[in-house]
Structure formats: C-alpha cells, structure tokens
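Asks: I am attaching a structure below and will ask some questions about it afterwards.
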Amino acid sequence: AITMIAAGLFSSAANAHPELQSAEPAAGAATTTSPTQIRITFNENVIPKFSGVELKDQTGKMIATGNAATDPTNKKQLVVPVQEQLPPGDYKVEWHAVSDDTHRVNGSYSFSVAR
73 AITMIAAGLF
83 SSAANAHPEL
93 QSAEPAAGAA
103 TTTSPTQIRI
113 TFNENVIPKF
123 SGVELKDQTG
133 KMIATGNAAT
143 DPTNKKQLVV
153 PVQEQLPPGD
163 YKVEWHAVSD
173 DTHRVNGSYS
183 FSVAR
C-alpha cells in the first residue's frame, strides 16, 4: 500500500509541468494588424527570467522582441513585447517556459498577418 501511495504521489509530481492554455495571437490566427505583444497563458505560474519566445518570419529571420514578463495580475501569463511592425506574412513563435516548480517545457505555433 505504501508503495502504491508513493508511486501515485511521484507520478502526480512528475506530470506537473506548465502547459500552454492559450496564446495571443492565437495558433493559426490570421490577424489584420501587427501584434504589439505575444501573450501566452499557461496552466501554472511561470518564471519570466527563465521563460521567453523567439519570433521568426517565414524565412527564419529573427524578429526583435523585448524581455519576457508576467502579467502583474496573472503570473500564468507570459507577455513578450514585439519591437517592430510586422509586415504581412507568416510567423512562428517558439516558446519556452519554466514554472515555479522549475519544470521547463517548450513548443511552437504559427500565426499570420494578413496581406
């Protein structure tokens, strides 16, 4: 019984990783204006010092972004300013996040700015 309880506790702790819940601009979205920020919401609080995004255009060129921060009212939201006007085209967001319990995850999604 003790082994089963310990295994249950361990598996719960092992599965506690930040998971992307939503993003702005959203995955697959076609916006009509250039976003001024990338806002990603996770299921857990994230540490902005160890989290962030890389924004790339369709050729793979890096787009300048500011420092990652969390929303002051919601530590589950990572906010990254976009420092330049995005021309029409396709963009890829490659994100990484570290939660309060120090688990690190990463992923990516794409959006477009309408022509």
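In my numbering, the protein residues as written are 73 to 187. The beta-carbon is built from N, C-alpha and C at its ideal position, and this holds for glycine as well.
#1: Within 10 angstroms of its Cβ, does P97 collect 16 or more other Cβ (buried), or is it exposed?
#2: Leaving out the 5 sequence neighbours to the left and right, which residues in its chain are closer than 7 angstroms to E91 when beta-carbon positions are compared?
#3: Pull up the distance between the alpha-carbon of N117 and that of V177, whole angstroms please.
#4: Unbroken beta strand (DSSP E) runs of length 3 or more, entirely within the segment 140-179: which are they?
#5: Our contact map puts A99 next to Y181 with C-beta atoms below 8 angstroms; I'd like the distance itself, whole angstroms only.
#6: May I have the straight-line CA-CA distance separating K22 from T142, to the nearest angstrom?
Replies: To lay it out plainly:
#1: Residue burial is scored here from C-beta neighbours: P97 has at least 16 other C-beta atoms within 10 angstroms and is therefore classed as buried.
#2: F114, N115.
#3: N117 and V177: Cα-Cα distance of roughly 13 angstroms.
#4: Counting only runs of 3 or more, we get 141-143, 146-153, 161-170.
#5: 4 angstroms between Cβ atoms; contact.
#6: This structure does not reach residue 22, given that the chain is present from 73 up to 187, and the question cannot be answered.
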